[in-house]
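In what follows, a single structure is set out as structure tokens and then discussed.
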Amino acid sequence: RKEVEQDPGPFNVPEGATVAFNCTYSNSASQSFFWYRQDCRKEPKLLMSVYSSGNEDGRFTAQLNRASQYISLLIRDSKLSDSATYLCVVNNTGFQKLVFGTGTRLLVSP
Amino acid sequence: NAGVMQNPRHLVRRRGQEARLRCSPMKGHSHVYWYRQLPEEGLKFMVYLQKENIIDESGMPKERFSAEFPKEGPSILRIQQVVRGDSAAYFCASSGSKAAAVQETQYFGPGTRLLVL
Numbered sequence: 001r002k003e004v005e006q007d008p009g010p011f012n013v014p015e016g017a018t019v020a021f022n023c024t025y026s027n028s029a030s031q032s033f034f035w036y037r038q039d040c041r042k043e044p045k046l047l048m049s050v051y052s053s054g055n056e057d058g059r060f061t062a063q064l065n066r067a068s069q070y071i072s073l074l075i076r077d078s079k080l081s082d083s084a085t086y087l088c089v090v091n092n093t094g095f096q097k098l099v100f101g102t103g104t105r106l107l108v109s110p
Numbered sequence: 001n002a003g004v005m006q007n008p009r010h011l012v013r014r015r016g017q018e019a020r021l022r023c024s025p026m027k028g029h030s031h032v033y034w035y036r037q038l039p040e041e042g043l044k045f046m047v048y049l050q051k052e053n054i055i056d057e058s059g060m061p062k063e064r065f066s067a068e069f070p071k072e073g074p075s076i077l078r079i080q081q082v083v084r085g086d087s088a089a090y091f092c093a094s095s096g097s098k099a100a101a102v103q104e105t106q107y108f109g110p111g112t113r114l115l116v117l
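Right, dumping it as structure tokens:
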């Protein structure tokens, strides 16, 4: 079983739609959680960290459910520029290495 | 403030040759990480280095791969006797200088795409 699992998609949505991605992680010792964005053939870029209380950054909302070991990302009012692969990333206490999911691909169409 | 720099951006090697990938961390960062992304797969951790020290190499293949981060100059990921299966994107990331137990944001370089013929 992969340590971080994501639905690979693609999710095809029209502009203006709301879309949600989920991710599950298997290591209950995971302490830090992130969503990264990766455009085609580019490097991953941090989108947002995910906190236990949930957090929002503009059109993006991230939630963490430690009991069920899943993380979610909600994107409201989708833009064409949101088209990318969204990577769910976890980190375990005391270890600096990030563990990446394989990513969920989002395609936003006009 | 320049970001993480990697060179070359593209590297073509024939089977059996050596590949050297370089990474210069963001200014002020002393922690460097290497990740590999195989086609259609997620990024996989390879190695974590600080200046002159390998901290965690649990993701490094046992043979042919080595990494260093000397006191002066960039971090180097070296692959000896490359095989076709080494074809991938190799990303370097860097973070700041807090204690190892504190998770700091890792910033990624543009990557080196290695193609082995």
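If you read the sequences in order, they're chains A and B.
In terms of our numbering, the first sequence has 59 at position 59, counting the first letter as 1, and numbering is strictly consecutive.
In terms of our numbering, the second sequence has 23 at position 23, counting the first letter as 1, and numbering is strictly consecutive.
Yeah, the Cβ is synthetic: ideal placement off N, Cα and C, and Gly gets one too.
These numbers were taken from a predicted model, which means no experiment stands behind them.
Beta carbons nearer than 9 Å to chain B: which residues of the segment 40-59 of chain A have them? For chain B, the residues of the segment 40-59 of chain A that bring a beta carbon within less than 9 Å of one of its beta carbons are R41, K42, E43, P44, K45, L46, S49, in chain order.
Examine the Cβ distances between the segment 92-109 of chain A and the segment 62-80 of chain B and report whether three or more of them are shorter than 8 Å. These segments do not touch.
Is the shortest distance between the beta-carbon of Q17(B) and the beta-carbons of chain A less than 9 Å? Not one beta carbon of chain A lies nearer than 9 Å to the beta carbon of Q17(B).
Is the segment 11-31 of chain B touching the segment 108-115 of chain B in the sense that three or more CB pairs, one from each, lie closer than 8 Å? With a cut-off of 8 Å, the segment 11-31 of chain B and the segment 108-115 of chain B count as touching, because enough Cβ pairs lie within range.
Would you check if the distance between the CB atom of R37(A) and the CB atom of L107(A) is smaller than 9 Å? In this structure, L107(A) does not lie closer than 9 Å to R37(A) by Cβ.
Express the C-alpha separation of V50(A) and A29(A) in angstroms, rounding to a whole number. Distance between the alpha carbons of A29(A) and V50(A) is about 15 Å.
Meets three-Cβ-pair contact criterion under 8 Å: the segment 15-27 of chain A and the segment 71-88 of chain A: Yes: the two stretches touch, three or more of their Cβ pairs being nearer than 8 Å.
If we ignore side chains and look at the alpha-carbon of each, how far apart do M5(B) and L98(A) end up? Distance between the alpha carbons of M5(B) and L98(A) is about 20 Å.
Under 9 Å between C-beta atoms, does F126(B) make it to chain A? The displayed coordinates of chain B run from 1 to 117. Any statement about residue 126(B) would go beyond what the structure contains.
Short of 6 Å in beta carbon distance, which residues of its chain neighbour D57(A), apart from the five on each side in sequence? Order them along the chain. Take D57(A), set aside five residues on each side of it, and the residues of its chain with a beta-carbon closer than 6 Å to its own are M48, in chain order.
E68(B) touches chain A at which residues, Cβ-Cβ below 7 Å? What E68(B) touches in chain A, judged by beta-carbon distance under 7 Å, is nothing: the nearest beta carbon there is about 17 Å away.
With distances taken from CA atoms, which of Q96(A), Q63(A), N91(A), A84(A) is nearest F11(A)? Of Q96(A), Q63(A), N91(A), A84(A), the residue nearest in Cα terms is A84(A).
I need the boundaries of the beta strand (DSSP E) containing D82(A), first residue and last residue. Neither: D82(A) is in no beta strand (DSSP E) and is coded neither H nor E.
At least one CB of chain B closer than 9 Å to the CB of L87(A): is that the case? Yes - at least one Cβ of chain B is within 9 Å of the one on L87(A).
Less than 9 Å separating the beta-carbons of L38(B) and P44(A)? Their beta carbons are not under 9 Å apart, which means L38(B) does not touch P44(A) by this criterion.
Exposed unless 16 or more other CB atoms sit within 10 angstroms - verdict on L66(A): The sequence given here has Arg at residue 66(A), not Leu. Label assigned to R66(A): exposed.
Run through DSSP, which three-state label would D57(A) get? Note: D57(A) maps to strand in three-state DSSP.
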